[in-house]
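Novice: Got a structure here, written out as C-alpha cells. Questions coming.
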Amino acid sequence: MPRLESPAAPTQQSSAEPCVIVIFGASGDLTHRKLIPSLYNLERQGVLPKGTLVLGVSRTEMTDDQFREKLAPSVEKFSANFETSRWRQFSQRIHYYPADAAQVDAYPGLNQRIHDLAQGAGALKSGGSPNILFYLSVSPDLYEPIVESIGAAGMVTEGRRWCSLDPASSAWQRIIVEKPFGVDLASAVSLNRALGRVFEEESIFRIDHYLGKELVQNISVLRFANSIFEPLWNRNHVDHIQVTAAETVGVGSRAANYYDSGAGGALRDMVQSHLLQVLAVVAMEPPGVFDAAGIMREKLRLFSAAVIAQGTDVPRLAAFGRYGPGEGSSDPAYASEKGVDPSRRTETFAAIRVEFDNWRWAGVPFFLRSGKKMAAKLTEVVITFKPAPTNMFRKLGVASAADRGSLNRLVINIAPSEGISLRVDGKVPGGGLKIASAKLDLDYAKAFGGEHIEAYGPLILDAIKGDLSLYKHRDEVEASWRICEPFITSEAIRASIETYKPGSWGPPAADLLLAREGREWHNPRHDEVR
Ligand code: BG6
C-alpha cells in the first residue's frame, strides 16, 4: 500500500549551498587535526559546495598564507589521499582573521571580512548577506561571549528569511558548537538560552562526533532495515546492554586546560556526551519518519524515561577510577600528570548503570563505561540476550548456556574496526554432544568496501545542508546532564575512587557493579580486538 509522505521537518534544506565557514579557535588542535583535514577531504570527494570559503579566527597575528602554511603538515598527516597540488588549490579558499573573539569590538571588522570574502567569491545572496557557518572550537568559557557578540554585530540575518517572498534568495547563518556543552545541567541550560537568544534552534548544531561514526549510524540501519532484530530488541529477550569506549592513551597535555579543570573527567567527557548518544540510537523507538525531527523526538522520549539515580542508590550505580603509574615505565599516574590537582579526584574511568522505565526496556540494565589507559582502544555496543527457556540438552550432561557463560551476544564494533558479530552455540563435530560458542562475523570494510571517512567531514556537510539528523537538540543535552548529574555530584563516589592499572579494564569497583547481579563486562582479549 502506498504510504502518505509526512511533511518535511521544518527548515531542512536538502541541497548544499556555498557558505563562509568561520572557525573560532583556528590555531587549535581540533582545527589542525580534524576540521581542515575533513574539509580538504570533502573538497577532494567533490562534495563541498563550490565557492565555499573558510575563515580561521584566533588571536595569533598571521597572514592568510602563513595560516595555510601552518595547516599544511597536519592536513598531510591527518587526511586520506593527500595530494600537494590539490591541497594548494584548496588552501586558496582558506583565509585568516586575527582577532580576540572575546572582545565584542572585534566583530564589526570580522563581519566586514566575511562580507568581502563572500562578495569576492560571488557568494552573497540577493538579500546582500552571505551564508555563514560559525564553528565554535574554542575554550567553552568563550561560547557565550562569542554568541552574544555575533548577535550584537547583527551577523545573524536569517530571521528575515521567514518574511521574504523568495526564501531561497535569503542567506542562512548556522552555528556548530563543540563539546563540552556545559559542565552540568545549569551551565548547559544557560548556554542553550544564550544560543537561543541569537540563533533559531534549527540553526544550532550541537556536534557529537560519535554520531558521525559509520557504525553508530549503522545501528539504525541494522535495527530498522532488517526484520530479524526488532522483534528481539526488548525486555522479553535482552538480558542487558553494555556500551564501552576504551582508550589506551592517557590524558597527556590536556589535564590543566581541560581534563582536570572541572569540565573533564570520564563521565563528563565521554559518558554524558558520546556514550549516552550511542545508547539512545540503540534503545530509541523506531521514528515514525527517519528524519531529524523524528529521531530527536524518539531520543528524547527515551531519555525522559530514564530512571534518575537518587539517594543511597547513587554510589551503588557507578564506579570511578583513575589510572596508576606505568609498570616498568616512567609513565606517571594520573594524579601525578602535569596540571593535575589530585585532591579533585577527577576520574579517568567511569562506569554507570542506567535503566529506562518504559514498555520496551523496563528492568533491563544498561551499563556504560569509558576510560583512559585501558587494555585496548575499543568502542563497542554489546547486547546480551536472555538464555533459552530450557536446557534441552541437560540429560546429555550439557550445562545451560547461562551456566556455561555463553549467552547469545550481539557485538557492534564501532572502532577501531567496524563490524558486527553474533555469538551462537553449535555442536562441536565428532561423536557425543559437545557444545561450544562460535561467532558469525561481519566485517564492514571487507563486505562493503569504501574508504574510512573521518566523522567530522560528513557532519560539517550536514550542517551546510541544514540537516540536523546527526546533531543534538537542546532538550537531549539537558536530559543527558540530568541522567549524569547525580553521579557527578556524589561525594561518596568521588571519595571511593580507585586506582587501576594502566593496560587493565578499569578498577575492581567496575567489575563489582556487574558482578553484584551475576553479570560481567565484555572484555575482549587483545587478539579479539580487530
Ligand atoms: C573526545 C574526548 O570527545 O573524544 C577525548 O574529549 C577522547 O577525551 C575522544 O579521547 C575519543 O574520540 P574517538 O573518536 O577517538 O573515540
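Okay, so the sequence shown: first residue is 32 according to this note's numbering, each after it adds one. Glycine included, C-beta positions come from ideal geometry on N, C-alpha and C.
Measure from the alpha carbon of Trp-264 to the alpha carbon of each residue in Gly-283, Val-313 and Tyr-290, then state which is nearest.
Specialist: Trp-264 has its Cα closest to that of Val-313, out of Gly-283, Val-313 and Tyr-290.
Novice: Applying the criterion that 16 or more other CB atoms from any shown protein chain within 10 Å of the CB defines a buried residue, is Pro-539 buried or exposed?
Specialist: By the neighbour-count rule (16 or more Cβ atoms within 10 Å), Pro-539 is not buried but exposed.
Novice: Are the CB atoms of Ile-466 and Val-442 within a distance shorter than 9 angstroms?
Specialist: Contact: no.
Novice: Secondary structure at Trp-552, three-state DSSP: helix, strand or coil?
Specialist: Of the three classes helix, strand and coil, the one that applies to Trp-552 here is coil, per DSSP.
Novice: Using the C-alpha atoms, what's the distance from Ala-510 back to Glu-522?
Specialist: Cα to Cα, the separation comes out at about 22 angstroms.
Novice: Measure the CB-CB distance between His-570 and Lys-417 and report whether it falls below 9 angstroms.
Specialist: Nothing about residue 570 can be read from this structure; the chain reaches only from 32 to 561.
Novice: Check whether the Cβ atoms of Pro-176 and Phe-109 sit closer than 9 angstroms, and answer yes or no.
Specialist: Cβ atoms of Pro-176 and Phe-109: not closer than 9 angstroms.
Novice: Would Ile-238 pass as a contact of Tyr-502 if the rule is Cβ separation under 9 angstroms?
Specialist: Cβ distance < 9 angstroms, so Ile-238 and Tyr-502 count as in contact.
Novice: If we require 3 or more residues per run, which beta strand (DSSP E) segments fall completely within the region 377 to 438?
Specialist: For the region 377 to 438, whole beta strand (DSSP E) runs of length 3 or above, ordered along the chain, are 380 to 385, 397 to 402 and 409 to 416.
Novice: Is the region 381 to 398 touching the region 340 to 356 in the sense that three or more CB pairs, one from each, lie closer than 8 angstroms?
Specialist: Yes, they touch.
Novice: Quick check: does the Cβ of His-305 come within less than 8 angstroms of any heavy atom belonging to ligand 1?
Specialist: Yes, Cβ of His-305 sits closer than 8 angstroms to a heavy atom of ligand 1.
Novice: Taking Cβ to Cβ, would you say Ser-234 is nearer than 9 angstroms to Ile-206?
Specialist: Going by C-beta atoms, Ser-234 is nearer than 9 angstroms to Ile-206.
Novice: Buried or exposed for Ser-180, going by 16 or more other Cβ atoms inside 10 Å?
Specialist: Buried: at least 16 other Cβ atoms inside 10 Å.
Novice: According to the Cβ coordinates, are Gly-355 and Tyr-531 closer than 9 angstroms?
Specialist: It is a contact, given that the beta carbons lie within the stated cut-off.
Novice: Tell me whether Glu-278, by its Cβ, gets closer than 8 angstroms to a heavy atom of ligand 1.
Specialist: Yes; taking the cut-off as 8 angstroms, the Cβ of Glu-278 has a heavy atom of ligand 1 nearer than that.
Novice: Exposed or buried, which one is Gln-97 when buried takes at least 16 other CB atoms within 10 Å?
Specialist: By the 10 Å Cβ count, Gln-97 comes out exposed.
Novice: At a threshold of 8 angstroms, does Tyr-365 count as lining ligand 1 (C-beta to nearest heavy atom)?
Specialist: No, the beta carbon of Tyr-365 sits no closer than 8 angstroms to any heavy atom of ligand 1.
Novice: How many Å lie between Val-135 and Asp-172 at the Cα?
Specialist: About 15 angstroms.
Novice: Please report the residue range of the alpha helix (DSSP H) in which Ser-335 lies.
Specialist: Unbroken alpha helix (DSSP H) run through Ser-335: 323 to 335.
Novice: So the beta strand (DSSP E) Leu-216 belongs to, where does it begin and stop?
Specialist: Premise fails: Leu-216 lies in the alpha helix (DSSP H), 216 to 229, not in any beta strand (DSSP E).
Novice: How is Val-269 classed by DSSP in three states: helix, strand or coil?
Specialist: Val-269: strand per DSSP, three-state reduction.
Novice: Assuming Leu-113 contacts Glu-74 (C-beta within less than 8 angstroms), just tell me the rounded distance between them.
Specialist: It should be pointed out that residue 113 corresponds to Phe in this sequence rather than to Leu. Contact flag wrong, Cβ pair sits at about 12 angstroms.
Novice: Spatial neighbours of Ala-184 within its chain, please: CB distance less than 7 angstroms, with the 5 preceding and 5 following residues excluded, ordered by chain position.
Specialist: Taken in chain order, the residues that qualify are Tyr-138, Pro-139 and Asn-142.
Novice: Taking a contact to mean a Cβ-Cβ separation below 9 angstroms, would you say Gly-56 touches Val-85 in this structure?
Specialist: Against a cut-off of 9 angstroms, the Cβ pair of Val-85 and Gly-56 comes out as no contact.
Novice: For the beta strand (DSSP E) that contains Val-51, what are its first and last residues?
Specialist: Counting along the chain, the beta strand (DSSP E) containing Val-51 begins and ends at 51 to 55.
Novice: What whole-angstrom Cβ distance do Gly-293 and Val-214 have, given they're in contact under 8 angstroms?
Specialist: About 6 angstroms separates the two Cβ atoms, so the contact holds.
Novice: Check whether the Cβ of Tyr-241 lies closer than 8 angstroms to any heavy atom of ligand 1, and answer yes or no.
Specialist: Yes, the beta carbon of Tyr-241 sits closer than 8 angstroms to at least one heavy atom of ligand 1.
Novice: Which two residues bound the contiguous beta strand (DSSP E) that contains Val-442?
Specialist: From DSSP, the beta strand (DSSP E) with Val-442 extends over 440 to 446.
Novice: Determine contact between the region 316 to 336 and the region 535 to 555, defined as no fewer than three beta-carbon pairs at a distance below 8 angstroms.
Specialist: Output reads no: the region 535 to 555 does not touch the region 316 to 336.
Novice: Can you tell me the Cβ-Cβ gap for Ser-452 and Lys-470, rounded? I've got them flagged as a contact below 8 angstroms.
Specialist: Right, their Cβ atoms sit about 5 angstroms apart.
Novice: Identify, in the order they occur along the chain, each residue of the same chain with its Cβ nearer than 7 angstroms to the Cβ of Ile-495, setting aside the five sequence neighbours on each side.
Specialist: Contacts found: Ala-47, Cys-50, Pro-80 and Leu-164.
Novice: Strictly by DSSP, which residues pair up with Gln-204?
Specialist: According to DSSP, which records beta bridges pairwise, Gln-204 is partnered with Ile-163.
Novice: Whole angstroms is fine: what's the gap from Gly-283's alpha carbon to Arg-254's?
Specialist: Spanning the two alpha carbons is a distance of roughly 38 angstroms.
Novice: Who are the near neighbours of Tyr-475 in its chain, counting only those whose CB is closer than 6 angstroms to its CB and skipping five residues on each side?
Specialist: So the qualifying residues of the chain are Glu-449 and Gly-450.
Novice: At a cut-off of 8 angstroms, would you count Ala-287 as near ligand 1, judging by its Cβ distance to the nearest heavy atom?
Specialist: Checking the Cβ of Ala-287 against ligand 1 gives no.
Novice: Cα-Cα, which of Asn-444, Gly-402 and His-271 is closest to Ala-393?
Specialist: Per the Cα distances, His-271.
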